[in-house]
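Numbering (our numbering), first residue to last: 561 to 681. A short worksheet on the structure shown next.
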Amino acid sequence: MRRQFKLMSFACKAIRFEELLMCSFDLNKTDYFIYNFMLEQKGKNLTVNEIAEKAGKERTVIQKSMKRLFERNLVKRFQENLENGGYRFYYAPVEKREIKARLRDTVRKWAANVESAVNRW
Numbered sequence: 561m562r563r564q565f566k567l568m569s570f571a572c573k574a575i576r577f578e579e580l581l582m583c584s585f586d587l588n589k590t591d592y593f594i595y596n597f598m599l600e601q602k603g604k605n606l607t608v609n610e611i612a613e614k615a616g617k618e619r620t621v622i623q624k625s626m627k628r629l630f631e632r633n634l635v636k637r638f639q640e641n642l643e644n645g646g647y648r649f650y651y652a653p654v655e656k657r658e659i660k661a662r663l664r665d666t667v668r669k670w671a672a673n674v675e676s677a678v679n680r681w
């Protein structure tokens, strides 16, 4: 179940929260879906296979998305070394308060850039 957020208006353009998050972290729709899915798991550490099974997506799609989410510091990755050699990665979302702080910082920087552009005009 996806949460609906109030639209934010800027002049003639309404911006959905989903768009703000996707734009701020350079996410595609699949990344956004998987990130929200991870948040719904309440901090459980999950493997790519577990995520794929529970989210109903292909494993390769999940691998690509988790790589992007990890690179953008939206999920944490933990490595388990297996007894017979090799390893397995587990993923969990970064705490929501940290992501909120990063979003606020992005919005503040955007607002400062707008202010600067208006002043230069």
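Here a beta-carbon is modelled for each residue, glycine too, at the ideal position from N, C-alpha and C. Predicted, not measured: the structure shown is a model, and the values here were computed from it.
So, at 8 Å on beta carbons, what are the nonlocal neighbours of residue i in its own chain, with the 5 sequence-adjacent residues on each side left out?
| i | result |
| --- | --- |
| residue 663 | 580, 581, 584 |
| residue 607 | 648, 649, 650, 651 |
Taking all protein chains shown into account, decide if residue i is buried (16 or more other Cβ within 10 angstroms of its Cβ) or exposed.
| i | result |
| --- | --- |
| residue 575 | exposed |
| residue 635 | buried |
| residue 591 | buried |
| residue 677 | exposed |
What is the DSSP secondary structure of residue i, counted as helix, strand or coil?
| i | result |
| --- | --- |
| residue 619 | helix |
| residue 668 | helix |
| residue 602 | coil |
| residue 613 | helix |
| residue 678 | helix |
| residue 632 | coil |
| residue 657 | helix |
| residue 596 | helix |
| residue 648 | strand |
| residue 640 | strand |
Between the C-alpha atoms of residue i and residue j, what's the straight-line distance to the nearest angstrom?
| i | j | result |
| --- | --- | --- |
| residue 666 | residue 642 | 40 Å |
| residue 623 | residue 660 | 25 Å |
| residue 672 | residue 625 | 31 Å |
| residue 616 | residue 609 | 10 Å |
| residue 637 | residue 573 | 37 Å |
| residue 628 | residue 612 | 16 Å |
| residue 640 | residue 670 | 40 Å |
*Given 8 Å, three or more beta-carbon pairs between the stretch 650-661 and the stretch 596-603*: yes
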